[in-house]
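K.L.:
Handing you this structure, nothing more for now.
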Amino acid sequence: MKALIHENVALALLTTFGIGGPARYFIDAPDEQTVLEAIHGAKEKDLPIFVLGGGSNLLVADAGFPGLVVRIGIRGVEWASANGKTIVDAGAGEEWDRLVASSVERNLSGIECLSGIPGSVGGTPVQNVGAYGQEISEVLVSVRAYDRSADRIVELSHDECGFTYRTSVFNTTAKDRYAVLHVIYALTNNGNPAIRYPELQREFEGKTANPTLAEVRDAVRRIRGRKAMLLVEGDPDCRSAGSFFKNPMVTEEKFADLQSIAGPNVPRYPASGGKVKTAAAWLIEHAGFSKGYSVGPVGLSTKHTLALVNKGGATAADVVRLARQIRSGVRDRFGIELVPEPVLLGFENGSGGL
Ligand SMILES: Cc1cc2nc3c(=O)[nH]c(=O)nc-3n(C[C@H](O)[C@H](O)[C@H](O)COP(=O)(O)OP(=O)(O)OC[C@H]3O[C@@H](n4cnc5c(N)ncnc54)[C@H](O)[C@@H]3O)c2cc1C
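In this text, residue positions in the sequence shown follow our numbering: the first is 19, and each later residue adds one.
This is the structure:
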């Protein structure tokens, strides 16, 4: 049966923020053919196109989106053995956390620390999702995608995806060029869980000497639950897009400047490219915005400084207003420019002034 194009579909209901106006046109695409046909149709009509996954990293403008939203619903997961690894080929519309759960059940390591991240498989390469010491780039082999510019299906290798911290070609140089159809990962059979992150290490201190993958998955979900970084039905702190700002990556020189203002306790983590990573949450708190800080219907989560939360009835304009206030507070206090992590859709000039 041919998939239906719907008109004026409320996007707020399709995002974890629960904010935003309607899509002028909307289609649920359960297979590759539908994705291609929908995008061809929109191109012919000169309509802007947006490819939607689980809506967990998205702030939609109050005016909505004046083009076609294609929600990728391609399902199916195949497991195969190659060179001592398990190759997992997952449809972009699969729910990410279900794939993590299935992998852990099969005793496959590589993504256990990425437990509890909302959204779709197709969303994972876009910002190179990462948490608790793992990043998708460590296990991703390739991406099958529809190249909207060349009008053909392509296979992008790991290197062609251009991964760095929260970045890939999909959200930088080739933004809006690809619709991800399948993602292929290589996981390690009977591998040990990665327990690199101090917060995760602390979960096992004095308890379990050699935690299993399942125990690590549970621990990650427990930690995430405490910070409202796990979607829990009915918890108002979960109405967010996760972290609203990326952790800043600065040069050694800039970090030294920061230390001279903020003192020696400012967090410092190793990062690639000779840069230093510091913690956006720490900067926000020390710029005077503590957990639960609110302006009207939008506030910082009561459990995590980095999440901006829709406390009920918030608009995108409310979110942007608070985000701007926080950005300028951090800039004035520390001279660091925070960069938003979620994708902003339907805003004039693309960024909503952020
Ligand atoms: C409570 C909470 C916790 C979170 N924790 C983390 C975390 O720990 N680490 C982390 O990295 N992120 C985290 N996130 C952010 C988010 O869950 C991830 O970035 C997720 O991978 C987004 O996937 P999605 O399918 O929801 O994408 P969407 O929100 O639907 O889209 C986000 C971007 O990806 C693009 N996109 C999505 N699917 C496709 C596709 N098939 N083809 C092409 N482009 C596509 C969209 O066009 C858009 O640009 C969190 C979010 C929430 C709400």
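Idealized CB from N, CA, C, for every residue including glycine.
(1) Within 8 Å, do at least three Cβ pairs link the segment 242-250 to the segment 341-355?
(2) Taking all protein chains shown into account, decide if Pro-216 is buried (16 or more other Cβ within 10 angstroms of its Cβ) or exposed.
(3) Do Pro-40 and Val-27 count as a contact pair if the criterion is CB distance below 8 Å?
(4) Taking the Cβ atom as the reference point for each residue, do Leu-362 and Leu-77 lie within a distance shorter than 8 Å?
(5) So, are the CB atoms of Val-284 and Thr-296 less than 8 Å apart?
(6) How many Å lie between Ser-308 and Arg-89 at the Cα?
(7) Where does Asn-146 land, buried or exposed, given buried means 16+ other C-beta within 10 angstroms?
(8) Measuring from the CB of Leu-249, is there a heavy atom of ligand 1 at a distance below 7 Å?
(9) Could you work out which residue in Ser-127, Val-87, Ala-60 is closest to Val-106 when comparing CA atoms only?
(10) Distance, Cα to Cα, Val-187 vs Ser-138?
(11) What residue range is occupied by the uninterrupted alpha helix (DSSP H) comprising Pro-216?
(12) By DSSP's criteria, Lys-295 is part of a beta bridge. Which residues make up the other side?
(13) Lys-272 to Ser-278, Cα distance in whole Å?
(14) I want to know whether the segment 20-37 touches the segment 327-336 - three or more CB-CB distances under 8 Å.
(15) Pick out whichever of Asp-253, Val-348, Arg-162, Val-337 has its Cα sitting closest to the Cα of Ser-369.
(16) Using a threshold of 8 Å, state whether the C-beta atoms of Ala-197 and Ala-237 are closer than that.
(17) Alpha carbon to alpha carbon, how far is Arg-170 from Trp-114?
(18) Between Ala-21 and Ser-258, what straight-line distance do the alpha-carbon atoms span, to the nearest angstrom?
(19) According to the neighbour-count rule (16 or more other Cβ atoms, all chains shown, within 10 Å of its Cβ), is Arg-166 buried or exposed?
(20) So does Gln-51 have its beta carbon nearer than 7 Å to some heavy atom of ligand 1?
(21) Among Ser-155, Ile-241, Thr-182, which one has its Cα closest to the Cα of Tyr-203?
(22) At a cut-off of 7 Å, would you count Asn-328 as near ligand 1, judging by its Cβ distance to the nearest heavy atom?
(23) Residues in the same chain with beta-carbon distance under 6 Å from Thr-52, minus the five sequence neighbours each way, listed in chain order, please.
(24) Just curious, the beta strand (DSSP E) that Ser-319 is in, first and last residue?
(25) In whole angstroms, what is the alpha-carbon distance linking Phe-68 and Lys-225?
(26) Which runs of the alpha helix (DSSP H) spanning at least 4 residues fall entirely within the segment 62-150, listed in chain order?
(27) Does the structure place the segment 218-233 close enough to the segment 87-102 that three or more beta carbon pairs sit under 8 Å?
(28) Pick out whichever of Thr-142, Glu-233, Ala-100, Ile-129 has its Cα sitting closest to the Cα of Ala-110.
(29) In whole angstroms, what separates the C-alpha of Glu-130 from that of Thr-333?
(30) Assuming Ser-121 and Leu-218 form a contact by the criterion Cβ under 8 Å, report the distance between their Cβ atoms to the nearest whole angstrom.
(31) So, with DSSP's three-state summary, where would you put His-200?
(32) Could you compute how far the alpha carbon of Asp-64 sits from the alpha carbon of Gly-317?
(33) Going straight from the alpha carbon of Leu-356 to that of Thr-320, what length do you get?
P.N.:
Quick answer:
(1) The count of Cβ pairs closer than 8 Å, one atom from the segment 341-355 and one from the segment 242-250, stays below three, leaving the stretches out of contact.
(2) Within the sequence shown, residue 216 is the residue found at index 198, counting from 1. Counting Cβ neighbours within 10 Å, Pro-216 comes out exposed, since fewer than 16 surround it.
(3) Residue mapping note: residue 27 aligns to position 9 of the sequence shown, counting from 1. Residue mapping note: residue 40 aligns to position 22 of the sequence shown, counting from 1. The beta carbons of Val-27 and Pro-40 sit closer together than 8 Å.
(4) To locate residue 362, count along the sequence shown from 1; it is residue 344. To locate residue 77, count along the sequence shown from 1; it is residue 59. Between Leu-362 and Leu-77, the C-beta spacing is below 8 Å.
(5) Numbered from its first residue, the sequence shown carries residue 284 at position 266. Numbered from its first residue, the sequence shown carries residue 296 at position 278. In this structure, Thr-296 lies closer than 8 Å to Val-284 by Cβ.
(6) For the purposes of this step, residue 308 is taken as the residue at position 290 of the sequence shown. For the purposes of this step, residue 89 is taken as the residue at position 71 of the sequence shown. Looking at the backbone, the Cα of Ser-308 and that of Arg-89 are separated by about 36 Å.
(7) What you label residue 146 is simply residue 128 of the sequence shown in a count that begins at 1. By the neighbour-count criterion, in which a residue is buried when 16 or more other Cβ atoms sit within 10 angstroms of its Cβ, Asn-146 is buried.
(8) What you label residue 249 is simply residue 231 of the sequence shown in a count that begins at 1. Taking the Cβ of Leu-249 as the reference point, at least one heavy atom of ligand 1 falls within a distance shorter than 7 Å.
(9) The residue labelled residue 106 in the question sits at position 88 within the sequence shown. Selected option, being the one with the closest Cα: Ser-127.
(10) Numbered from 1 along the sequence shown, position 169 holds the residue referred to as residue 187. Numbered from 1 along the sequence shown, position 120 holds the residue referred to as residue 138. In this structure, the CA atom of Val-187 is about 18 Å from the CA atom of Ser-138.
(11) For this step, residue 216 is matched to residue 198 along the sequence shown. Residues 216-222.
(12) Position 277 of the sequence shown, counting from 1, holds the residue named residue 295. Paired residues: Met-267, Tyr-287.
(13) Counted from its first residue, the sequence shown places residue 272 at position 254. Counted from its first residue, the sequence shown places residue 278 at position 260. For Lys-272 and Ser-278, the gap between their C-alpha atoms comes out near 10 Å.
(14) A contact between stretches requires three or more CB pairs, one per stretch, nearer than 8 Å, and the segment 20-37 meets this requirement with the segment 327-336.
(15) Start at 1 with the first residue of the sequence shown, and residue 369 comes out as number 351. Proximity to Ser-369 across Asp-253, Val-348, Arg-162, Val-337 peaks at Val-337, based on C-alpha coordinates.
(16) As a first step, residue 197 must be located in the sequence shown, where it is residue number 179. As a first step, residue 237 must be located in the sequence shown, where it is residue number 219. Contact check for Ala-197 against Ala-237 fails: the beta carbons are separated by 8 Å or more.
(17) Walking along the sequence shown from the start, residue 170 turns up at place 152. Walking along the sequence shown from the start, residue 114 turns up at place 96. The alpha-carbon atoms of Arg-170 and Trp-114 are separated by roughly 26 Å.
(18) Residue mapping note: residue 21 aligns to position 3 of the sequence shown, counting from 1. Residue mapping note: residue 258 aligns to position 240 of the sequence shown, counting from 1. Cα to Cα, the separation comes out at about 30 Å.
(19) As a first step, residue 166 is located in the sequence shown; it is residue number 148 there, counting from the start. Around the beta carbon of Arg-166, 16 or more other beta carbons sit within 10 angstroms, so the residue counts as buried.
(20) Counting from 1 along the sequence shown, the entry for residue 51 is found at position 33. Relative to ligand 1, Gln-51 has its C-beta separated by 7 Å or more from all heavy atoms.
(21) Taking the sequence shown and counting its residues from 1, one reaches residue 203 at position 185. Measuring from the Cα of Tyr-203, the nearest candidate turns out to be Ser-155.
(22) Here residue 328 refers to the residue found at position 310 of the sequence shown. It does not: the Cβ of Asn-328 is nowhere closer than 7 Å to a heavy atom of ligand 1.
(23) Numbered from 1 along the sequence shown, position 34 holds the residue referred to as residue 52. Correct list, in chain order: Ala-21.
(24) Here residue 319 is taken as the residue at index 301 of the sequence shown, counted from 1. It is not in any beta strand (DSSP E) - Ser-319 carries neither H nor E in the DSSP assignment.
(25) The residue given as residue 68 occupies position 50 in the sequence shown. The residue given as residue 225 occupies position 207 in the sequence shown. When only Cα atoms are considered, Phe-68 and Lys-225 end up about 47 Å apart.
(26) Within the segment 62-150, the complete alpha helix (DSSP H) segments at least 4 residues long are 114-123, listed from N- to C-terminus.
(27) Fewer than three pairs of CB atoms, one per stretch, sit closer than 8 Å, so the segment 87-102 makes no contact with the segment 218-233.
(28) Locating residue 110 in the sequence shown gives position 92, where the first residue counts as 1. The candidate whose alpha carbon is nearest that of Ala-110 is Thr-142.
(29) Translated into positions along the sequence shown, residue 130 becomes position 112. Translated into positions along the sequence shown, residue 333 becomes position 315. Between the alpha carbons of Glu-130 and Thr-333 lies a gap of roughly 35 Å.
(30) The residue you call residue 121 lines up with position 103 of the sequence shown. The residue you call residue 218 lines up with position 200 of the sequence shown. Not really, about 18 Å apart at Cβ, beyond 8 Å.
(31) For the purposes of this step, residue 200 is identified with residue 182 of the sequence shown, where counting begins at 1. In the three-state scheme derived from DSSP, where H, G and I count as helix and E and B as strand, His-200 is classed as strand.
(32) On the sequence shown, residue 64 is found 46 positions in, with the first residue counted as 1. On the sequence shown, residue 317 is found 299 positions in, with the first residue counted as 1. The alpha-carbon separation between Asp-64 and Gly-317 amounts to approximately 38 Å.
(33) Reading the sequence shown from its first residue, position 338 is the one you call residue 356. Reading the sequence shown from its first residue, position 302 is the one you call residue 320. Note on geometry: alpha-carbon atoms of Leu-356 and Thr-320 lie some 20 Å from one another.
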